[in-house]
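Following: one structure in structure tokens, then a few remarks.
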Amino acid sequence: MTAVVGRCVSARSGLLGVCLPAGLRLVHRSGARLLAGGGGPVTGPSGAQSRRQHTEVAAGPVEVDLRRLEGEDDGIVEVLMCRHKARNALGHVFVSQMRELVSSLANDSVVRVVVFRSLVPGVFCAGADLKERSVMDNTESDLFVHSLRSLMTQIALLPVPTIAAMDGVALGGGLELALACDLRTAAYSAQMGLIETTRGLLPGAGGIANTLTCRRVGGQTALEIGLVNRAVEQNQTGDAAYREALSLARDILPQAPIAVRMAKEAMNRGVEVDITSAMAIERMCYARVIPTRDRQEGMAAFIEKRPPRYTGE
Numbered sequence: 003m004t005a006v007v008g009r010c011v012s013a014r015s016g017l018l019g020v021c022l023p024a025g026l027r028l029v030h031r032s033g034a035r036l037l038a039g040g041g042g043p044v045t046g047p048s049g050a051q052s053r054r055q056h057t058e059v060a061a062g063p064v065e066v067d068l069r070r071l072e073g074e075d076d077g078i079v080e081v082l083m084c085r086h087k088a089r090n091a092l093g094h095v096f097v098s099q100m101r102e103l104v105s106s107l108a109n110d111s112v113v114r115v116v117v118f119r120s121l122v123p124g125v126f127c128a129g130a131d132l133k134e135r136s137v138m139d140n141t142e143s144d145l146f147v148h149s150l151r152s153l154m155t156q157i158a159l160l161p162v163p164t165i166a167a168m169d170g171v172a173l174g175g176g177l178e179l180a181l182a183c184d185l186r187t188a189a190y191s192a193q194m195g196l197i198e199t200t201r202g203l204l205p206g207a208g209g210i211a212n213t214l215t216c217r218r219v220g221g222q223t224a225l226e227i228g229l230v231n232r233a234v235e236q237n238q239t240g241d242a243a244y245r246e247a248l249s250l251a252r253d254i255l256p257q258a259p260i261a262v263r264m265a266k267e268a269m270n271r272g273v274e275v276d277i278t279s280a281m282a283i284e285r286m287c288y289a290r291v292i293p294t295r296d297r298q299e300g301m302a303a304f305i306e307k308r309p310p311r312y313t314g315e
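All residue numbers for the sequence shown refer to the numbering used here, where the first residue is 3 and numbers rise by one.
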């Protein structure tokens with residue numbers, strides 16, 4: 003089963019091999035409001051100001067929010083999961099808000115890296131909201147799972163690198179959400195697994211294409227089998243995986259944004275086709291980088307022996 007996990011995960015997680023520093027072990031709105039009360043402080047780099055946007059769904063509470071980092075971290079966006087009472091369970095409101103926020107990021111040229119993180123201590127995402135699911139009839143359940151699957155596809159198709167920071171439990175759909183991201187970090191103490199078969203179900207939001215085990219694993223084992231890219235000891239504030247994800251995001255941030263997007267597209271599409279077609283896709287993506295000002299800036303910076311100043315043009 004470890005071999006199965008390694009093969010399946012590598013298909014999605016080798017996405018940024020050309021973009022990340024050497025030594026990284028790759029596996030493969032209409033209306034803004036502040037984060038709702040009860041979420042606790044948003045930790046992050048000192049001095050960074052947060053801007054959050056969110057459109058409420060059916061006047062419900064904010065369960066997913068957005069934070070744009072500023073200063074030297076400008077371009078890094080955090081998707082904040084903050085459904086405290088239900089451990090970020092994937093209910094109707096949560097999924098609707100997440101889909102809306104992810105959709106808003108898809109065409110945002112300012113965004114360069116997206117980090118998915120939880121503000122609920124000890125939990126990344128506990129998976130499906132079984133209380134909601136228990137009162138659904140078969141048709142309603144099928145429609146909701148379709149919505150979940152669409153969300154995971156939206157995340158996977160974001161044009162910029164995405165990182166899931168798992169500082170706590172990531173089970174069922176919660177792990178599927180992380181698997182939809184390009185890169186994953188985890189605390190050693192985090193527990194993750196696709197446990198749907200223990201509830202008489204199966205992974206229905208794309209996870210079954212990534213791994214076929216219902217066994218729970220910790221961060222260290224997840225690193226060894228290729229389920230996550232980096233695993234770290236948990237810290238006193240309980241956000242070690244987030245700190246590691248932010249470090250990865252900062253490694254990606256200075257790179258030419260159009261080139262990074264095209265590299266991701268070439269790899270995502272290339273793993274789905276034969277080698278000849280993959281080469282054709284790579285050629286097409288490469289051609290889209292040639293006329294950019296960033297390419298000219300990269301060449302000039304190399305010749306002048308200075309850091310490049312990319313603008314995404």
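C-beta atoms are modelled at their ideal positions from N, C-alpha and C, and glycine is treated no differently.
- Residue 271 places its beta carbon 8 Å or farther from that of residue 254.
- Counting along the chain, the unbroken alpha helix (DSSP H) around residue 99 starts and ends at 94-108.
- Counting only the Cα atoms, residue 182 lies some 6 Å from residue 157.
- Within the same chain, Cβ atoms closer than 7 Å to the Cβ of residue 177 are found at 194, 195, 196, 209, the five residues on either side in sequence being excluded.
- Taking the Cα of residue 142 as reference, the smallest distance to any Cα among 93, 261, 315, 269 is reached at 93.
- Taking the C-beta atoms as reference points, residue 167 is found no nearer than 8 Å to residue 97.
- Closest option to residue 174, judged by alpha-carbon separation, among 187, 145, 218: 218.
- For residue 268, the number of other beta carbons within 10 angstroms of its own is at least 16, and it is reported as buried.
- The segment 110-125 and the segment 239-258 touch, with three or more beta-carbon pairs separated by less than 8 Å.
- In the DSSP secondary-structure assignment, residue 164 is bridged to 116.
- For residue 193, the uninterrupted beta strand (DSSP E) segment begins and ends at 193-195.
- Contact annotation: residue 231 and residue 164 have beta-carbon atoms that are not nearer than 8 Å.
- Residue 228 and residue 248 have their C-alpha atoms some 20 Å from each other.
- Cβ atoms of residue 314 and residue 111 come within 8 Å of each other, at about 6 Å.
- A Cβ-Cβ contact shorter than 8 Å links residue 66 with residue 82.
- Counted as a single uninterrupted DSSP element, the beta strand (DSSP E) harbouring residue 187 occupies residues 185-189.
- The beta carbons of residue 261 and residue 291 sit about 5 Å from each other, so the pair counts as a contact at 8 Å.
- Taking every protein chain shown into account, the CB of residue 79 has 16 or more other CB atoms within 10 angstroms, so this residue is buried.
- If the five residues before and after residue 131 are omitted, its C-beta is found closer than 7 Å to the C-beta atoms of 88, 91, 92, 93, all from its own chain and listed in chain order.
- Across the structure, residue 221 and residue 129 are spaced so that their CA atoms are roughly 18 Å apart.
- Within the same chain, Cβ atoms closer than 6 Å to the Cβ of residue 310 are found at 299, 300, 303, the five residues on either side in sequence being excluded.
- By the C-beta density criterion, residue 294 is buried, having at least 16 other C-beta atoms within 10 angstroms.
- Unbroken beta strand (DSSP E) runs of no fewer than 3 residues, entirely contained in the segment 256-286, are not found.
- Sequence-distant Cβ neighbours of residue 152 in its own chain, meaning closer than 8 Å and more than five residues away, are 101.
- When only Cα atoms are considered, residue 306 and residue 77 end up about 26 Å apart.
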